[in-house]
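Please read the structure below before turning to the comments.
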């Protein structure tokens, strides 16, 4: 979905230590635990927290950091500063040709078929143009697409798990053979397709494979400048049309964004090429890549399914367009109606910690839950996360792990249970692990719950995000025909 740059580099594994791909990845993971511990200590109004650092010899160690007493005053001061910055920013933007925070449908020439997408899926009003989110790392060859007798496809896109921080698959953009394959995140919390452009000279782009329009015979220029605001930074680029392929699905003249500028540490630190938004088109006012699949009658059924595996690397995680692999689930799919066709949001009537009802959600006042493959963590409104954390109480080195409770989300009468091994991240001297008990206690230098406070404005918030922490346990099927989300226990989850 959107998020805080650093947070998307979170990650857990099963009983093994993750092999960290680089020094930067290790530093980011440590930063995440520090950020989580700092935010949790603030929410719970504690005096200090244990920050992870490194000794001269490079060994991981603790440092006690004292927190400011008057948290509310500090937050108010920060908010006032942010408001002034935003006012100044908007004044500067007045005379530019950038499309910011408005429906792209109002400024991009859509075909009659593309406009028909919105007529079929309900009314569209201008919305905030937030794509929301992250990216990092290597690719993997796609499996052969299965064509059915009626000519439709079930496409299987293998996903590479990067230290349980993100899941990467391959997208082909343009006609330049050998130069048109890009590593992207398929994100149900956003709705645009973006790929780094050859024109982009920023640090993040220099680390990525970049799209070169001059090498593609299928490029079709629109050339409208857009700016896309994330929680973790900003992308600027040009919206154009191109031939895009996902496995064997060949989509012609699809709208996409050539990213010409990346602003924000998340983009600079990641080694990514792009993002494919699979949310509802109402988020931006233009069709998503999945809408083109529907419009061009490519699929056996208008659904797509994420089966995410916690084992890192190329170890069975996949995205299936047109169906699902039911051999990867235990039991049956349970379907939940989409609350509104913007995010893939469903409604929960209860959140329990252990056997205790938190009272955060009720049958009269349900909580909006967004199932988001582009967010690593669980997030929720600040006041609710504070209450949840106060009932869990994660110790700095997981000393109380055996006593930690389960967290249960009750959705339409069905219990979705996260055990401590699902929502706790530990850092040891040798890497990142979960759960902690598979390492000697004296090796653990950091422990944090993968729950982060995030407040969205009333137009779409308040809401919770069920990110990869949740989806690695419960496979998720997204059904556009019936506007529902199916959830089922992942067979590979332990």
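Residue numbers (mature numbering (1 follows the signal peptide of the UniProt record, and there is no 0)): -15 to -1, 1 to 479.
Ideal placement from N, C-alpha and C gives every residue a C-beta, glycine not left out.
Small disclaimer: the values here were computed from a predicted structure and weren't measured.
| said: Can you look up residue 473 in the DSSP assignment and give me helix, strand or coil? | reply: Here residue 473 refers to the residue found at position 488 when the chain shown is read from its first residue. If DSSP states are grouped into helix, strand and coil, residue 473 belongs with the strands.
| task | Give the single residue among 446, 142, 382 and 94 whose Cα lies nearest to the Cα of residue 353. | result | Counted from its first residue, the chain shown places residue 353 at position 368. Of 446, 142, 382 and 94, the residue nearest in Cα terms is 446.
| Name the DSSP bridge partner or partners of residue 155? | Here residue 155 refers to the residue found at position 170 of the chain shown. 168.
| message | Any contact between the region 263 to 278 and the region 179 to 198? By contact I mean 3 or more CB pairs, one from each, below 8 angstroms. | response | no
| field | residue 356 vs residue 232 beta-carbon contact at 7 angstroms | value | Position 371 of the chain shown holds residue 356. Position 247 of the chain shown holds residue 232. It is not a contact, given that the beta carbons lie outside the stated cut-off.
| request: On a CA-only basis, which of 300, 440 and 221 is nearest residue 153? Give me that one, please. | output: Position 168 of the chain shown, counting from 1, holds the residue named residue 153. Cα-wise, what sits closest to residue 153 is 300.
| query | How is residue 188 classed by DSSP in three states: helix, strand or coil? | reply | The residue labelled residue 188 in the question sits at position 203 within the chain shown. It is helical.
| field | Secondary structure of residue 18, DSSP reduced to three states | value | Reading the chain shown from its first residue, position 33 is the one you call residue 18. It is helical.
| field | Cβ pair residue 260, residue 170 closer than 7 angstroms | value | Position 275 of the chain shown, counted from the start, is the residue given in the question as residue 260. Position 185 of the chain shown, counted from the start, is the residue given in the question as residue 170. Contact flag set, yes.
| message | One question on the structure: do residue 18 and residue 431 come within less than 7 angstroms of each other, judged by their Cβ atoms? | response | Walking along the chain shown from the start, residue 18 turns up at place 33. Walking along the chain shown from the start, residue 431 turns up at place 446. It is a contact, given that the beta carbons lie within the stated cut-off.
| query | Can you tell me the Cα-Cα spacing of residue 411 and residue 433, whole angstroms? | reply | Residue 411 sits at position 426 when you count from the first residue of the chain shown. Residue 433 sits at position 448 when you count from the first residue of the chain shown. For residue 411 and residue 433, the distance between alpha carbons rounds to 7 angstroms.
| task | Assign residue 466 to one of two classes, buried (16 or more other C-beta atoms within 10 Å of its C-beta) or exposed (fewer than that). | result | Indexing the chain shown from 1 puts residue 466 at position 481. Per the 10 Å Cβ criterion, exposed.
| said: My assumption, with CB atoms under 8 angstroms, is that residue 265 sits in contact with residue 239. Please give the rounded CB distance. | reply: The residue labelled residue 265 in the question sits at position 280 within the chain shown. The residue labelled residue 239 in the question sits at position 254 within the chain shown. So it is not a contact: roughly 17 angstroms between Cβ atoms.
| query | So, helix, strand or coil for residue 478, using DSSP? | reply | Working through the chain shown from its first residue, we reach residue 478 at position 493. Coil at residue 478, not helix or strand.
| residue 402 versus residue 393: straight-line alpha-carbon distance, rounded | Position 417 of the chain shown, counted from the first residue, corresponds to residue 402. Position 408 of the chain shown, counted from the first residue, corresponds to residue 393. Rounded to the nearest angstrom, the two C-alpha atoms are 4 angstroms apart.
| query | Do you know how far the Cα of residue 450 is from the Cα of residue 490? | reply | Any answer about residue 490 is impossible in this case: the structure gives the chain only from -15 up to 479.
| Beta-carbon proximity of residue 168 to residue 258, cut-off 7 angstroms | On the chain shown, residue 168 is found 183 positions in, with the first residue counted as 1. On the chain shown, residue 258 is found 273 positions in, with the first residue counted as 1. Yes, Cβ-Cβ distance for residue 168 and residue 258 is below 7 angstroms.
| query | Touch check for the region 280 to 287 and the region 313 to 321: three-plus C-beta pairs under 8 angstroms? | reply | no
| field | Burial state of residue 443, where buried means 16 or more other Cβ atoms lie within 10 Å | value | Along the chain shown, read from residue 1 onward, the residue named residue 443 stands at position 458. Looking at its Cβ environment, which holds fewer than 16 other Cβ atoms inside 10 Å, residue 443 is exposed.
| query | Between residue 223 and residue 243, which are expected to be in contact by the criterion C-beta below 8 angstroms, what is the C-beta distance as a whole number of angstroms? | reply | Sequence index remark: in the chain shown, residue 223 carries index 238 (1-based). Sequence index remark: in the chain shown, residue 243 carries index 258 (1-based). Between residue 243 and residue 223 the Cβ distance is about 5 angstroms, and since that is below 8 angstroms, they are a contact.
| said: Quick check: what's the CA-CA separation for residue 178 versus residue 208? | reply: Within the chain shown, numbered from 1, the residue matching residue 178 stands at position 193. Within the chain shown, numbered from 1, the residue matching residue 208 stands at position 223. Spanning the two alpha carbons is a distance of roughly 15 angstroms.
| request: Check whether the Cβ of residue 141 lies closer than 6 angstroms to any heavy atom of the ligand ADP, and answer yes or no. | output: Of ligands this structure carries none, so the ligand ADP is not represented either.
| message | Going by the DSSP bridge assignment, what does residue 226 pair with across the sheet? | response | Counting from one through the chain shown, the residue named residue 226 turns up at place 241. For residue 226, which the question treats as bridged, DSSP gives the partners 205 and 240.
| task | Compare the Cα-Cα distances from residue 383 to each of 365, 413 and 156 and report the closest residue. | result | As a working note, residue 383 is residue 398 in the chain shown. Looking at the Cα atoms, 413 is the closest of the given residues.
| Rounded Cβ spacing between residue 320 and residue 471 (contact assumed at less than 8 angstroms) | The residue given as residue 320 occupies position 335 in the chain shown. The residue given as residue 471 occupies position 486 in the chain shown. Confirmed, about 5 angstroms.
| query | Going straight from the alpha carbon of residue 16 to that of residue 464, what length do you get? | reply | Here residue 16 refers to the residue found at position 31 when the chain shown is read from its first residue. Here residue 464 refers to the residue found at position 479 when the chain shown is read from its first residue. Cα-Cα distance, rounded: 36 angstroms.
| request: Assign residue 51 to one of two classes, buried (16 or more other C-beta atoms within 10 Å of its C-beta) or exposed (fewer than that). | output: Locating residue 51 in the chain shown gives position 66, counting from the first residue. It is exposed - the Cβ of residue 51 has fewer than 16 other Cβ atoms within 10 Å.
| query | Are the beta-carbon atoms belonging to residue 140 and residue 306 less than 7 angstroms from one another? | reply | Mapped onto the chain shown, residue 140 falls at position 155. Mapped onto the chain shown, residue 306 falls at position 321. Yes, the Cβ-Cβ distance between residue 140 and residue 306 is below 7 angstroms.
| Candidates 211, 248, 24 and 94: which alpha carbon is nearest residue 205's? | The residue given as residue 205 occupies position 220 in the chain shown. Looking at the Cα atoms, 94 is the closest of the given residues.
| said: Less than 7 angstroms between the C-beta atoms of residue 245 and residue 262, yes or no? | reply: Start at 1 with the first residue of the chain shown, and residue 245 comes out as number 260. Start at 1 with the first residue of the chain shown, and residue 262 comes out as number 277. Taking 7 angstroms as the Cβ cut-off, residue 245 and residue 262 do not qualify as a contacting pair.
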